[in-house]
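Participant:
Protein chains: 2
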Amino acid sequence: MPGPGRPRAFDRDAALRTAMRLFWDRGYEAVSITDLTAAMGIGTRSLYTAFGSKEQLFREAVALYSSGSGTEGFCDLPTARETFESWLRDRADGYTRVDRPRGCMVVMAATNTSADNDAVRDLLAQMRNRDREMLTARLERAKRTGEVAEHVDARAVASFYLSLIYGMSTQAKDGYTAADLAAVVDTAITAWPHLVT
Amino acid sequence: MPGPGRPRAFDRDAALRTAMRLFWDRGYEAVSITDLTAAMGIGTRSLYTAFGSKEQLFREAVALYSSGSGTEGFCDLPTARETFESWLRDRADGYTRVDRPRGCMVVMAATNTSADNDAVRDLLAQMRNRDREMLTARLERAKRTGEVAEHVDARAVASFYLSLIYGMSTQAKDGYTAADLAAVVDTAITAWPHLVT
DNA sequence: TTATTTGTGCATCGAACGCTACACAATTAG
DNA sequence: CTAATTGTGTAGCGTTCGATGCACAAATAA
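Protein chains in written order, with full-length UniProt numbering: chain A, 1 to 197; chain B, 1 to 197.
#1: So with Cβ pairs under 8 Å, would you call Thr96 (chain A) a contact of chain B?
#2: If you measure from the beta carbon of Leu123 (chain B) to each beta carbon in chain A, is any gap under 8 Å?
#3: Please confirm if the stretch 85-93 of chain B is in contact with the stretch 174-187 of chain B, defined as three or more CB-CB distances below 8 Å between the two stretches.
#4: Answer yes or no: do Tyr28 (chain B) and Ala109 (chain B) have a C-beta to C-beta separation smaller than 8 Å?
#5: For His194 (chain B), would you say it is in contact with chain A, using Cβ-to-Cβ distances shorter than 8 Å as the test?
#6: Alpha carbon to alpha carbon, how far is His194 (chain A) from Ser69 (chain A)? Give it in angstroms, no decimals.
#7: To be precise: take each residue of the stretch 24-39 of chain A, compare its Cβ to all Cβ atoms of chain B, and keep it if any distance is under 9 Å. Which residues remain?
#8: Would Ala149 (chain B) and Val196 (chain B) qualify as a contact pair, given that the criterion is a beta-carbon distance under 8 Å?
#9: Taking only beta-carbon positions, decide if Phe51 (chain A) is within less than 8 Å of chain B.
#10: For the stretch 60-81 of chain A, enumerate the residues whose C-beta is nearer than 7 Å to any C-beta of chain B, in chain order.
#11: Would you please verify whether the beta carbon of Met127 (chain A) is less than 8 Å from any beta carbon of chain B?
#12: At a Cβ threshold of 8 Å, is Ile189 (chain A) touching chain B?
#13: Could you tell me the distance, in whole angstroms, from the CA atom of Val62 (chain B) to the CA atom of Arg102 (chain B)?
#14: With 8 Å as the limit, tell me which residues of the stretch 150-165 of chain A have their beta carbon closer than that to any beta carbon of chain B; keep them in chain order.
#15: Which chain B residues sit within Cβ distance under 7 Å of Thr170 (chain A)?
#16: Quick check on Asp174 (chain A) - is its C-beta less than 8 Å from some C-beta in chain B?
#17: If Phe51 (chain B) sits next to Glu60 (chain B), beta carbons under 8 Å apart, how far is it from one beta carbon to the other, in whole angstroms?
#18: So what does DSSP say about Gly43 (chain B), is it helix, strand or coil?
#19: Let me see if you follow: with CB-CB separation under 8 Å, is Ala183 (chain B) close to chain A or not?
#20: If we count the other Cβ atoms within 10 Å of its Cβ and call it buried at 16 or more, is Val98 (chain B) buried or exposed?
#21: Rounded C-beta distance between Asn129 (chain A) and Asp174 (chain B)? I'm assuming under 8 Å.
#22: In this structure, does DSSP put Cys104 (chain A) in helix, strand or coil?
#23: Would the beta-carbon of Arg138 (chain B) fall within 8 Å of that of Ala80 (chain B)?
#24: Here's a check: name, in chain order, each residue in its chain whose Cβ is nearer than 8 Å to the Cβ of Tyr65 (chain B), leaving out the five neighbours to either side.
#25: Please list the partners that Ser86 (chain A) has in chain B, where partner means a Cβ-to-Cβ separation under 7 Å.
#26: In three-state terms, what does DSSP make of Gly175 (chain A)?
#27: What separation, rounded to the nearest whole angstrom, lies between the Cα atoms of Ala154 (chain B) and Met168 (chain A)?
#28: Along chain B, in chain order, which residues have C-beta atoms closer than 9 Å to that of Asp180 (chain A)?
Right under this line is the structure:
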């Protein structure tokens, strides 16, 4: 139900998706407004009318990205091992899709920021930190059910697997194939029983 | 033995070290010439006279960085396990030093680059790739000596540990303590015997 | 001395940055 | 219809980007 006013002449969702791809591929500061408007097929003014600012557009792009690849869903799987294994495999696959930018947007899109844009860097850092808490909590829960031994350092094991995830983003950007990353995940999962008992 | 011409009024090595710190901390594109001259305490013209261009200065900074933290040295240790363990511990320690930028310059300093600076990104990608080849070769060597079982996928195991190294850079930037990363390394080393037999 | 060479400070270049003022177009509300 | 509201295109804002031209300073060489 559109109110009064001239209707938008482009598909906002499609334009946002395009912007997300660009930010995902190059990072926040490396994508210019000109890059965005060219790829989205709209004028500068339309971008600002629809999205407010470059930073707000980026925040929306990140929200769109994470809506399609949240870590929460994996935590509901019956065992911690299933949580970690399917989460790792899903990421390894997602990072090497031919139809998408490589690696993880949350890990890669704001690593090099000038002082003006620390807020953007911090946004992604907070999202990474939430994953850390989430996965640590999942392991703590597994300790209560007995799946994971009492003496295990849940935070250390969660950090260990997170480190792999972060690293696989760099590797995906470096051209590692889906099979390469799958082999990394296989190796990581081989270690699981020896880390939780 | 200085030739003719006015002598340089600043310490070139110290200035290069300062530039390295800046690039290491913020990344290539996020550091401006103004940032550099301010931190180095020299004028724009002196920077260009001494270093040529921003890209050449960056390349020198990377060379200085890698001269102090090459992976080669670890490969000479008697066993592959020592190579990987001391290499991991050295990195985990180096990424969390209070007197240095966090994380690894080669991993973090050129992840977000606009199309103009792909050469800089590729420079670091090549250095990462050399490490991959070096560590894979070290494991192949260990297979010949019998330390590592024949059936082991050397490339996969090397990639697995490299992924951890890359990930620890992100974690160091996220504020993980030296103890946090040491725990990640402990976890990774716990897995070693189960990955090579 | 004079010629040559190299470094420095100042002023600034053209280009790109994120962003916006303004006039106008296109819609709904009354 | 008119009024109100919102989107679009052009043209350009002020700033910063990496890099330079030029006059001068400070050294060596002859």
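Backbone N, C-alpha and C define an ideal beta-carbon position, used for all residues, glycine too.
Since the structure is predicted, the reported quantities are computational estimates derived from the model, not experimental observations.
Facilitator: Reading from the atomic positions:
#1: no
#2: no
#3: yes
#4: yes
#5: yes
#6: 28 Å
#7: Arg26, Gly27, Tyr28, Glu29, Ala30, Val31, Ser32, Asp35
#8: yes
#9: no
#10: none
#11: no
#12: no
#13: 15 Å
#14: Asp153, Arg155, Ala156, Val157, Ser159, Phe160, Leu162, Ser163, Leu164, Ile165
#15: Val107, Tyr166
#16: yes
#17: 7 Å
#18: coil
#19: yes
#20: exposed
#21: 7 Å
#22: coil
#23: yes
#24: Met20, Trp24, Met105, Val106
#25: What Ser86 (chain A) touches in chain B: nothing, since even the nearest Cβ is about 18 Å away.
#26: coil
#27: 17 Å
#28: Arg155, Ala156, Ser159
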